[in-house]
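See structure below.
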């Protein structure tokens, strides 16, 4: 999320934009709510709670009965999700007939989220530093689900998205509390590509490696690359781990220790390792310096 400070104040506001047409192609109702959930998660990583949204809804022809049903399901999913979150939609737009001779686009709701940042000086920095501990907040899972991983490996029609808006609210409350208490050095939401992808991107952007380990499970590829509700990575000092764990328990959010930030290689215990330079070439983005 982008954070902008208000003039002559330490308060600010945060903006984010989400949209997952691939998840809506798998299930328009849940996919729309997954876009809302990601907006909640992204804003919470800078200490902001979702205050309101605007949307841009992109669909194919409503004259097609199948596409008409998808439109109805996306709108119903957004409406029900906003009621659960207690958040209004201030406006938006709709674009129809998005198709070509090759076929229709997937139903793609774009969600613009707005949140208030009580104190911009407490927003966590984004670059990882050597010696930090990596934690994962949120429930782990290895159940098959619609995700970037399943789309790349098995095709677009495999699996159903997973979404849990009450869990997103609990996680958001915890993240905002952690930011205000100054207990974390950095936060990164887990979204497209799953937990290991989020770690790899963070290492690539920070130009530093890590030693991480996920619990043993029946489907490790889904645990590493599946996209599950209400998951966020935390970078913190070792001395803060006990306080973070206690606050997570208070908010009813699972907390898992993943490993430490160190070296110039991303080691995934039991699965291999890659130099950060290789991650940077694959990611195609420059590193940022720690400040």
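Numbering (my numbering), first residue to last: 11 to 301. No residue lacks a Cβ here, since even glycine has one placed at the ideal position from N, Cα and C.
Return the CA-CA distance between residue i and residue j, expressed in angstroms with no decimal places.
i	j	result
residue 109	residue 157	23 angstroms
residue 214	residue 72	42 angstroms
residue 127	residue 75	43 angstroms
residue 121	residue 17	26 angstroms
residue 177	residue 259	13 angstroms
residue 95	residue 175	7 angstroms
residue 100	residue 57	22 angstroms
residue 182	residue 111	43 angstroms
residue 282	residue 245	22 angstroms
Buried or exposed for residue i, please, with buried defined as at least 16 other CB atoms from any protein chain shown within 10 angstroms of its CB.
i	result
residue 225	exposed
residue 104	exposed
residue 80	buried
residue 220	buried
residue 159	buried
residue 11	buried
residue 299	Below a pLDDT of 50, predicted positions are generally treated as unreliable, and residue 299, at 47, falls in that range; the measurement from the model is reported next regardless. So residue 299 counts as exposed.
residue 190	exposed
residue 65	buried
residue 204	buried
Does DSSP put residue i in a helix, a strand or coil?
i	result
residue 23	strand
residue 259	helix
residue 156	coil
residue 15	strand
residue 302	The chain is shown only over 11 to 301; residue 302 falls outside these bounds and no answer can be derived.
residue 265	strand
residue 225	coil
residue 64	strand
residue 192	coil
residue 301	A caution first: residue 301 carries a pLDDT of 39, below 50, which makes its placement in the model unreliable, though a value can still be read off. Residue state, collapsed to three classes: coil.
residue 81	helix
residue 40	helix
residue 89	helix
Taking 6 angstroms as the line, does the beta carbon of residue i fall inside it for any heavy atom of the ligand GDP?
i	result
residue 84	No copy of the ligand GDP occurs in the structure displayed, which carries no ligand at all.
Indicate whether the contact test is met: 3 or more Cβ pairs, each with one atom in the region 125-139 and one in the region 86-94, closer than 8 angstroms.
-> no
Kindly confirm or deny that the region 186-202 and the region 262-271 touch, where touching means at least three C-beta pairs closer than 8 angstroms.
-> no
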